[in-house]
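One gets the numbering used here by counting positions in the sequence shown from 1 and adding 80 to each.
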Amino acid sequence: MFESAEIDHVIDKATFDAEEQVLREALLEAQYALREQSRHAVIILINGIEGAGKGETVKLLNEWMDPRLIQVSTFDQQTDEELARPAAWRYWRQLPPKGRIGIFFGNWYSQMLQGRVHGDLKKDQLNGAIEGALGLEQMLCNEGTLIFKFWFHLSKKQMLKRLETLKDDPLHSWRLSPLDWQQSKTYDKFVRAGEDVLRRTSRDYAPWYIVAGADANYRSLTVGRILLEGLQAALRNSAERAPLPHTTPLMTRTDERSLLDSLNMGVHLAKADYREQLVQEQARLAQLMRDKRMRRHALVAVFEGNDAAGKGGAIRRVAAALDPRQYRIVPVAAPTEEERAQPYLWRFWRHIPARGKFTVFDRSWYGRVLVERVEGFCAPEDWLRAYGEINDFEEQLSNAGVVLVKFWLAIDEKTQLQRFRERENNPVKRFKITEEDWRNREKWPLYREAVGDMVDRTSTRLAPWTLVEANDKQFARVKVLRTINDALEAAFEKARH
Numbered sequence: 081m082f083e084s085a086e087i088d089h090v091i092d093k094a095t096f097d098a099e100e101q102v103l104r105e106a107l108l109e110a111q112y113a114l115r116e117q118s119r120h121a122v123i124i125l126i127n128g129i130e131g132a133g134k135g136e137t138v139k140l141l142n143e144w145m146d147p148r149l150i151q152v153s154t155f156d157q158q159t160d161e162e163l164a165r166p167a168a169w170r171y172w173r174q175l176p177p178k179g180r181i182g183i184f185f186g187n188w189y190s191q192m193l194q195g196r197v198h199g200d201l202k203k204d205q206l207n208g209a210i211e212g213a214l215g216l217e218q219m220l221c222n223e224g225t226l227i228f229k230f231w232f233h234l235s236k237k238q239m240l241k242r243l244e245t246l247k248d249d250p251l252h253s254w255r256l257s258p259l260d261w262q263q264s265k266t267y268d269k270f271v272r273a274g275e276d277v278l279r280r281t282s283r284d285y286a287p288w289y290i291v292a293g294a295d296a297n298y299r300s301l302t303v304g305r306i307l308l309e310g311l312q313a314a315l316r317n318s319a320e321r322a323p324l325p326h327t328t329p330l331m332t333r334t335d336e337r338s339l340l341d342s343l344n345m346g347v348h349l350a351k352a353d354y355r356e357q358l359v360q361e362q363a364r365l366a367q368l369m370r371d372k373r374m375r376r377h378a379l380v381a382v383f384e385g386n387d388a389a390g391k392g393g394a395i396r397r398v399a400a401a402l403d404p405r406q407y408r409i410v411p412v413a414a415p416t417e418e419e420r421a422q423p424y425l426w427r428f429w430r431h432i433p434a435r436g437k438f439t440v441f442d443r444s445w446y447g448r449v450l451v452e453r454v455e456g457f458c459a460p461e462d463w464l465r466a467y468g469e470i471n472d473f474e475e476q477l478s479n480a481g482v483v484l485v486k487f488w489l490a491i492d493e494k495t496q497l498q499r500f501r502e503r504e505n506n507p508v509k510r511f512k513i514t515e516e517d518w519r520n521r522e523k524w525p526l527y528r529e530a531v532g533d534m535v536d537r538t539s540t541r542l543a544p545w546t547l548v549e550a551n552d553k554q555f556a557r558v559k560v561l562r563t564i565n566d567a568l569e570a571a572f573e574k575a576r577h
């Protein structure tokens, strides 16, 4: 795989100087067109042999292009803040918005390679890491991100020659780091691991580019040309994206019955029983959140439901059990300009809590397969693809120790109409009812179908949906609290084994 990068590739200074100016102007033009169109973000992953010119090349790219539109991120040792969250959280926080370029050192491939070389990452763990990386890259590309993966290479002979040359040079010996010397001892193992990872992760949507790193002129022109050609190709392609092959239609229902029809909407909790059970479950939640076992977990509760189903009231009863420092409530509305410039799940990743903390999402990432589907705010291929992306996202949360509880608060049409009218006639609650609520009510069958598909496709063993009969608010509030408590206790028990 690396043979072509180990032979001599040399560009003389005169040739480099002549081509550099042309390349620089073209890159700048493409960069400004990228910003103007704002249809794509660009991620450049920097990997390879120490001393092969990674830093020098990125420095030159910043000189050739407008550095104000480039963000360079380095992912070294994980911070305490990062260690308390899923592994991908640190990368999601640094994703560039559409129209900009992000350059990642120490990225997910660096972590894999170092783990393999030093024996910290077993074969099955590597398989999982590769699967996660490919899933992330596929999702980013589906959202319009351009990914350039560069491997800067030196042969073992070239690397050792560089070390010997710099070691005895008083003006440049500072360029050698402990990592350079360490890799001189692990070179063979590192290259074998690199070849394995590159072979398994080079895809048409995010291929690897192997760059010979011995000659700076050759290396710089090679990277610049690859980047330019990729940018120009994407900028020329102004046609709308075709539906992806795997976004197949959903299964046609042969009858009108869905899982929501199985709910007993007549359940009722007497007022005295409600007060007693509410206090019991709130006390139970308060105790569980203070349990030392919670230090190994975070808690996320997702609240979805029909308009006027009582989500706000249920959330308030949950919050009433806790110290405000323990939890955060994230209301989800239409995305902002900043959020629209990022992949869909970015706005939710940044709110994932640290271990020991609790985040409540009042509406959530399921908006893509609910309101965006029904109202036509995204293309069918986007919401059809979202089921798989959401399942992957929730699996990452679960694997990181996040206890995820998802609620759909269901009411029937008659109860919703009654509550809408009560809100209109109550000055204190009138702000809760809008024209949009009435418009949504007209699309009740479409939302009902979307909810059925959502539950069918995203209720998993790791993150099941809890359907809550919410015609009776008191019953719904207690069921929500009890479900959260049961989920926490189950997670604590599972962690023992």
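Quick reminder that beta carbons are idealized off the backbone N, C-alpha and C, glycines included.
- Pairing P411 with D387 gives a Cβ-Cβ distance that is not under 8 angstroms.
- Beta-bridge annotation (DSSP): H233 is paired with A292.
- In the DSSP annotation of this structure, the continuous segment of the alpha helix (DSSP H) that includes T563 starts and ends at K553 to R576.
- The alpha carbon of V548 has as its nearest neighbour, out of E384, Q262 and R148, the alpha carbon of E384.
- The DSSP-derived three-state label of I409 is strand.
- For T302 and Y289, the gap between their C-alpha atoms comes out near 10 angstroms.
- Around the beta carbon of N505, fewer than 16 other beta carbons sit within 10 angstroms, so the residue counts as exposed.
- Minimum Cα-Cα distance from G447 among the listed residues K241, E573, V382 and R510 corresponds to V382.
- Closest option to W524, judged by alpha-carbon separation, among L477, E455 and A575: E455.
- The Cβ-Cβ distance between N222 and R465 falls below 8 angstroms.
- When beta bridges are read from the DSSP output, W463 appears opposite no residue.
- DSSP, reduced to helix, strand and coil, places R305 within a helical segment of the structure shown.
- For I395, the enclosing alpha helix (DSSP H) covers residues K391 to A399.
- R173 has its alpha-carbon roughly 8 angstroms from the corresponding atom of W429.
- Only residues of its own chain outside the window of five on either side were considered, and among them P415 and E419 have a CB closer than 7 angstroms to the CB of R427, listed in chain order.
- A contact is defined here as three or more CB-CB pairs under 8 angstroms, and the segment 178-194 meets this definition with respect to the segment 105-122.
- Taken through DSSP and simplified to helix, strand or coil, G310 comes out as helix.
- For Q498, the uninterrupted alpha helix (DSSP H) segment begins and ends at E493 to N505.
- With respect to the 8 angstroms criterion, Q498 and L349 are not classified as neighbours on the basis of their beta carbons.
- Going by DSSP, L379 is part of the beta strand (DSSP E) stretching over A378 to G385.
- Looking at the DSSP output, S153 sits in a beta bridge with F184.
- Look at K202 here: in three-state DSSP terms it is coil, with no helix or strand label.
- Under the DSSP assignment, W429 falls in the alpha helix (DSSP H) whose first and last residues are W426 to W429.
- Taking a contact to require three or more Cβ pairs closer than 8 angstroms, the segment 129-143 and the segment 157-172 do not qualify as touching.
- Annotation: A292 to H233 spans about 5 angstroms, alpha carbon to alpha carbon.
- Y407 sits buried, since 16 or more C-beta atoms from the chains shown fall within 10 Å of its C-beta.
- Taking the Cβ atoms as the reference, K229 lies roughly 6 angstroms from A286, within the contact range of under 8 angstroms.
- DSSP links N127 through a beta bridge to W231.
- Take the alpha-carbon of S342 and the one of L402: they are about 33 angstroms apart.
- Taking the Cα of S190 as reference, the smallest distance to any Cα among L220, W545 and Q158 is reached at Q158.
- In this structure, the CA atom of N187 is about 29 angstroms from the CA atom of T245.
- A distance below 8 angstroms separates the beta carbons of A378 and G481.
- The way I'd put it, the segment 198-217 does touch the segment 274-284; three or more beta-carbon pairs between them come closer than 8 angstroms.
- Residue A399 holds the alpha-carbon nearest to the alpha-carbon of V359 among A399, W488, F155 and M239.
- Non-local C-beta neighbours of I91 in its own chain, meaning closer than 7 angstroms and more than five positions away in sequence, comprise D295, N297, Y298 and L301, ordered along the chain.
- Cβ-Cβ distances below 7 angstroms link N344 to E549 in the same chain, with the five nearest sequence neighbours on each side left out; the list follows chain order.
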